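Working notes for the structure below.
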Amino acid sequence: DEIVKELESIQEQVKPLQTELFERTTQVEELQTLLKLKTEELESLQKQVTSLQTTFTNRNKQIEELRSKLDKKDEIVKELESIQEQVKPLQTEIFDKTSQVEQLQTSLKMETKELESLQEQVKSLQTTVVDNTSQTDEVQKTVENNEVHMEKLQMQRKR
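Here the sequence shown is numbered in the working numbering, starting from 131 and rising by one per residue.
Here you go:
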């Protein structure tokens with residue numbers, strides 16, 4: 131009887147322990163489930179971090195490429211500015227030469243007009259010379275005729 135009582139007493143002591151064990155086991159299972167969820171969440175976050183790191187790396191590469199392009203553009207801009215500086219004296223020279231050409235064209239026009247006027251004068255003089263030559267020929271013929279006539283008259287007088 132004592133053994134049964136002792137056994138019942140032990141059973142009474144074990145019951146709260148079993149209850150506590152059950153509660154603890156339930157807590158452990160809940161914590162394991164929570165741990166599993168947190169682990170999955172952590173893995174998802176790690177994947178996101180990896181993706182973000184890749185994106186970050188790619189963006190950095192793009193930034194470096196853009197910086198390189200910008201540096202090249204800066205170099206091109208400097209080269210263009212240098213070329214523009216070199217072109218300025220050429221533009222001035224072109225302007226000066228253009229002015230000289232315009233002056234020469236104006237002078238040439240004036241000289242052409244003068245030449246045309248001189249050509250007209252030469253034509254007029256040529257016409258006058260031709261007329262005078264013609265008149266001279268006529269006068270010479272008249273003189274010759276007069277000489278011939280005079281000779282005839284002198285011959286007649288001598289007779």
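All residues carry an ideal CB built from backbone N, CA and C; glycine is no exception. As the structure is a computational prediction, the values presented were derived from the model and not from experiment.
Can you tell me whether DSSP reads Arg289 as helix, strand or coil?
-> coil
In angstroms with no decimal places, state the Cα-to-Cα distance between His279 and Met240.
-> It is roughly 57 angstroms from the alpha-carbon of His279 to the alpha-carbon of Met240.
Have a look at Thr228 and Lys191 and give me their C-alpha separation to the nearest angstrom.
-> 53 angstroms
Three-state secondary structure (DSSP) of Asp201 = helix
Three-state secondary structure (DSSP) at Asp131?
-> coil
Whole-angstrom distance between Glu195 and Leu161, CA atom to CA atom | Answer to the nearest angstrom: the Cα atoms are 49 angstroms apart.
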